[in-house]
Amino acid sequence: MFVYEKRLQYPIRVKTPNAKLAKLIISQYGGPHGEISASLRYLSQRYSMPCPELKAILTDIGTEELGHLEMVGTLVYQLTQGLTPQQLQEAGFDAYFVDHTAGVYPVAASGAPLNADMFAVTGDALADLHEDLGAEQKARLTYDNILRYVDDPDVRDPIRFLREREVVHYQRFGEGLRILTDKLDSKNFYALNPSFDR
Amino acid sequence: MTEAESLRRRYAAAEFAAWELHLFLDSHPDDADAARKLKEYREKSARLKETFEAQYGPIGQTFQNTSRWAWVTDPWPWEKEAN
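Protein sequences, first through last, are from chains A and B.
Residues in the first sequence are numbered consecutively from 1, following this note's numbering.
Residues in the second sequence are numbered consecutively from 1001, following this note's numbering.
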């Protein structure tokens, strides 16, 4: 069950539209290291996770990622408001515009639409947690790369907030991995699959 | 910044602090200090939410102190006016 709050996790008010930036930032909406992939990955991995702490971490982080998806969608929306087809073309946004006008659709900056191949649910707690740690780092580096192109403080500020959340989530997943391995055979963590073997 | 914006941001800040502690406690369930702080921020954010909703309109879907119509007509989170 999910309950919606009618607010962003961190406020966004972009004064100057900039479709060039929207074209890059949309990658965190539907790209390979984006927020919807993150949310689906964690919320789907929950079912086969063995310890209660890990079920809680995946549920909570997977939920927060939905809030981040809303923030990224908001950035794309506000950055593309009030522009003419001509201005959108000059910004390189015309190919997207032909298919989606000024709607917000989950694609990568490179144009590939959202694909579940971008994440895994292996049903093996150790493999899933290592994927989650990697995913947080990949999201962090994508925000770092986006920040290289952003001068506008109205956009930098929320992107920096999102970047920081990836670092915190990485920390929580690291602790989760430790909680799990503390319960396994320290001589061979891989003796069994703690998600499957009883 | 208007009074409504300032109140909304104070609510969001208290909620964020509470969320961060909630997440921290997932991997540190025995941390009594963090649990105490979480209670403080939850109380603070509940007070701010009630004040905001009574004056300006609903934030949550379970609002009780404000107009039903405002849920539909107030700005949505992705609109600049809501931030």
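Every residue gets a Cβ at the ideal spot worked out from N, C-alpha and C, and that includes glycine.
Which chain B residues sit within Cβ distance under 7 angstroms of residue i?
i	result
Ala56 of chain A	Asp1026
Gly92 of chain A	Residues of chain B passing the Cβ test: none, with the nearest at roughly 23 angstroms.
Ile179 of chain A	Ser1027
Tyr215 of chain A	Residue 215 of chain A falls outside the range modelled here, since chain A spans only 1 to 198, and no answer is possible.
Given a threshold of 16 other Cβ atoms within 10 Å of its Cβ, counted over all protein chains shown, does residue i qualify as buried or as exposed?
i	result
Asp117 of chain A	exposed
Lys187 of chain A	exposed
Leu141 of chain A	exposed
Val107 of chain A	buried
Ala56 of chain A	buried
Report the rounded CA-to-CA distance for residue i versus residue j, giving the unit in angstroms.
i	j	result
Arg1068 of chain B	Gly31 of chain A	37 angstroms
Leu114 of chain A	Ala139 of chain A	15 angstroms
Thr63 of chain A	Ser39 of chain A	7 angstroms
Tyr149 of chain A	Thr181 of chain A	40 angstroms
Gly34 of chain A	Asp60 of chain A	17 angstroms
Phe1063 of chain B	Leu43 of chain A	27 angstroms
Gln45 of chain A	Glu65 of chain A	14 angstroms
Arg1042 of chain B	Glu175 of chain A	24 angstroms
Leu177 of chain A	Phe119 of chain A	18 angstroms
Gln78 of chain A	Pro17 of chain A	7 angstroms
Ala1013 of chain B	Tyr143 of chain A	22 angstroms
Leu58 of chain A	His130 of chain A	13 angstroms
Show which residues of chain A have a CB atom less than 8 angstroms away from the CB atom of residue i.
i	result
Gln1064 of chain B	What Gln1064 of chain B touches in chain A: nothing, since even the nearest Cβ is about 14 angstroms away.
Leu1038 of chain B	Ordered by position in chain A, no residue passes the 8 angstroms Cβ test against Leu1038 of chain B, which lies about 13 angstroms from the chain.
By alpha-carbon positions, which one of the options ends up nearest to residue i?
i	options	result
Met71 of chain A	A:Val168, A:Arg156, A:Lys187, A:Arg178	A:Arg156
Glu1005 of chain B	B:Tyr1041, B:Ala1046, B:Glu1053	B:Glu1053
Asn193 of chain A	A:Leu126, A:His33, A:Leu79	A:Leu126
Leu54 of chain A	A:Arg163, A:Asp197, A:Asp132, A:Asp154	A:Asp132
Thr1066 of chain B	B:Glu1079, B:Trp1078, B:Thr1051, B:Ser1027	B:Thr1051
By the criterion of Cβ-Cβ separation under 8 angstroms, what are the contact partners of residue i in chain B?
i	result
Glu166 of chain A	By Cβ distance, chain B contributes nothing, its closest Cβ being about 13 angstroms from Glu166 of chain A, past 8 angstroms.
Val107 of chain A	By Cβ distance, chain B contributes nothing, its closest Cβ being about 18 angstroms from Val107 of chain A, past 8 angstroms.
Tyr77 of chain A	Trp1078
Gly73 of chain A	Trp1078
Could you tell me which chain B residues have their CB closer than 9 angstroms to the CB of residue i, listed as they occur along the chain?
i	result
Glu136 of chain A	Going along chain B, no residue has its Cβ under 9 angstroms from Glu136 of chain A, so there is no contact; the nearest lies around 13 angstroms.
Gly176 of chain A	Asp1026, Ser1027
Counting only the same chain and skipping the five closest in sequence on each side, list residues whose C-beta sits under 6 angstroms from that of residue i.
i	result
Ala91 of chain A	Ala19, Lys20
Lys1037 of chain B	Leu1021
Tyr10 of chain A	Pro158, Phe161
Phe93 of chain A	Ala19, Lys23
Ala191 of chain A	Asp185
Ser195 of chain A	Ser48, Pro50, Gly123, Asp124, Ala125
Gly67 of chain A	Gln9
Phe1024 of chain B	Ala1034
Identify the contact partners of residue i in chain A, using a Cβ-Cβ distance below 9 angstroms as the criterion.
i	result
Ala1012 of chain B	Arg7, Leu8, Gln9, Tyr10, Pro11
Taking 7 angstroms as the limit between beta carbons, can you name the residues of its chain near residue i, skipping five residues before and five after?
i	result
Glu136 of chain A	Glu166, His169, Tyr170, Phe173
Ala1082 of chain B	Pro1075, Trp1076
Ile146 of chain A	Leu24, Ile25, Ile159
Along chain A, which residues have their Cβ under 7 angstroms away from the Cβ of residue i?
i	result
Arg1009 of chain B	Pro11
For residue i, I'd like the list of residues in its chain whose CB is within less than 8 angstroms of its CB, leaving aside the five on either flank, ordered along the chain.
i	result
Pro85 of chain A	Asp94, Phe97
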